[in-house]
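The sequence shown runs 1 to 329 under full-length UniProt numbering.
We put the beta carbon where it would ideally sit given N, CA and C, even for glycine.
Remember, it's a predicted structure, so these values are computed and weren't measured experimentally.
Notes follow the structure.
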Amino acid sequence: MWLSVFGLNKEHISKNATVCSEHFKKHDLIIQPSGRVILRKGTVPINIYHKSPEPSSTNDMENKETASSSIDKDDFYGRSKRLPIMDIIEKTLSYNNKLKQPQPNKNVVQNENTEEVNYVNIHEIHVNKVIEKKLGTNHFVLLNYELKPIIGRLGLLGEHSILFVTFLNQIGSKEHLQFFVKYFPFAEFQAQFAEGIGAFEKEALVYKLFKEFSKEGITQASYVVPYCYLVAPKKYFILNDLNTENYQSLNKHICLEYDVIIVVLQALAQLHSSSIAYEEKLKKSLLDLYGNDLEETFFNERKGFPNVEGVESCIKCIVDEIKLFNFPK
């Protein structure tokens, strides 16, 4: 069985490489500290090397045949010319990107209070895409990744996990990264509500707009919003994990300090100014470009809207707060 996973046919391999292998079905790319690149089937290594230069004379041929009978495998491998690491990595990634993506599997685990915590497995193709966007290169090999569900709710909708990945960089050194994963709601009533207000579709559009801003040289928003690496519609978002940059969620049960409010307003100002600059540059408003997608959906009075009672309660609460705190008219 020839190494078709690398896009190499029998003729190419026989001319350009010495392949020591058995038939294999599943492969893992391994880069040893010595620099040797191997594919492993169970415990059987499959080594790939360029052929050594052909002998230039009959005497050289005889010397080579005599010597080859007295050297062991490791010595033989050491005399061979190894294929460049990144050539093999690129071919492997090219093969992986052609794999058909299966549906993610839904999993349920229990937290310390025996409450169910949901999460969805992320396919390896998506993990590779996220790493490539983060590094700005596809010169890496994914070794493994793990999802750790976040205990406790961070927002109104959705479940969350931290994605931990380990990979080999372009020089064969091991590196680690982590990302924030936001899921589409698992609970049926929350999923219906999210779909009814178009929450995830609108969020995906906003992240798309931030990237459009950057393409036009408008970078203010990039300092105040997380970067979205991948959107799987009605499944999950993968974003940079702001915990690694020392950000933390505010406690909504205590009053915000004055300095915190100033920082929040400054961030909102940068966000708002980016959209204004974008509209001025394109000579069009965002409503002209994305009017249907930006239609108000949360505070909506249409018949059958899933949050009509919630909206009415919010309005009543705001009116009562105005009376309670005696705000000026």
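With at least 16 other beta carbons inside 10 angstroms of its own, Phe-179 counts as buried.
By the criterion of at least three beta-carbon pairs nearer than 8 Å, the stretch 134-150 is in contact with the stretch 164-179. By the Cβ rule, the stretch 221-234 counts as touching the stretch 119-129, because three or more pairs are nearer than 8 Å.
In the three-state reduction of the DSSP assignment, Cys-317 falls in the helix class. The beta-bridge partner set that DSSP reports for Gln-270 is empty.
In the DSSP assignment, His-176 is bridged to Thr-166. Counting along the chain, Tyr-223 sits inside no alpha helix (DSSP H), nor does DSSP assign it H or E at all. DSSP, reduced to helix, strand and coil, places Ser-214 within a helical segment of the structure shown. The beta carbon of Ile-218 lies closer than 6 Å to those of Ser-274, Ala-277, Tyr-278 in the same chain, with the five residues before and after it left out.
Taking the Cα of Ile-162 as reference, the smallest distance to any Cα among Phe-193, His-176, Val-263 is reached at His-176. Taking C-beta separations shorter than 8 Å and ignoring five residues to either side along the sequence, the partners of Leu-157 in its chain run Pro-185, Gln-190, Phe-193, Ala-194, Ala-199, following chain order. DSSP places His-253 in the coil class of the three-state scheme, outside both helix and strand.
Considering only Gly-136, Glu-124, Leu-209, Leu-154, the residue with the shortest C-alpha distance to Asp-293 is Leu-209. Ile-238 sits in a strand when the DSSP states are folded into three classes.
DSSP places Lys-148 within a strand segment (E or B) once states are collapsed to three. The continuous alpha helix (DSSP H) containing Leu-289 extends over residues 286-290.
A distance below 8 Å separates the beta carbons of Gln-270 and Ala-221. The distance from the Cβ of Ile-122 to that of Leu-154 is about 18 Å, inconsistent with a contact at the 8 Å cut-off. By the criterion of a C-beta distance shorter than 7 Å, Tyr-290 is surrounded in its chain by Leu-205, once the five residues flanking it on both sides are discounted. Nearest in C-alpha terms to Glu-245, of all of Ile-322, Val-263, Tyr-223, Leu-256, is Tyr-223. By the criterion of a C-beta distance shorter than 7 Å, Lys-133 is surrounded in its chain by Tyr-229, once the five residues flanking it on both sides are discounted. Under the DSSP assignment, Ala-194 falls in the alpha helix (DSSP H) whose first and last residues are 188-197. Per DSSP, Leu-230 lies in no alpha helix (DSSP H); the unbroken beta strand (DSSP E) holding it starts and ends at 228-232. For Glu-124, the enclosing alpha helix (DSSP H) stretches over residues 124-135. The C-beta of Ile-238 has 16 or more other C-beta atoms within 10 Å across all chains shown, which makes the residue buried.
Leu-282 is the residue among Leu-282, Ser-313, Glu-309 whose C-alpha sits nearest the C-alpha of Lys-215. If you draw a straight line from the Cα of Lys-202 to the Cα of Lys-174, it comes to about 37 Å.
In the displayed model, Tyr-207 falls within a helix according to three-state DSSP.
Using a 10 angstroms sphere on the CB of Phe-325, the tally of other CB atoms stays under 16, which defines it as exposed. Taking C-beta separations shorter than 6 Å and ignoring five residues to either side along the sequence, the partners of Asn-240 in its chain run Pro-226, Tyr-227, following chain order. Judged by DSSP in its simplified three-state form, Lys-283 adopts coil rather than helix or strand. DSSP places Tyr-278 within a helical segment (H, G or I) once states are collapsed to three. In the three-state reduction of the DSSP assignment, Lys-182 falls in the strand class. DSSP, read as helix, strand or coil, puts Leu-143 in strand.
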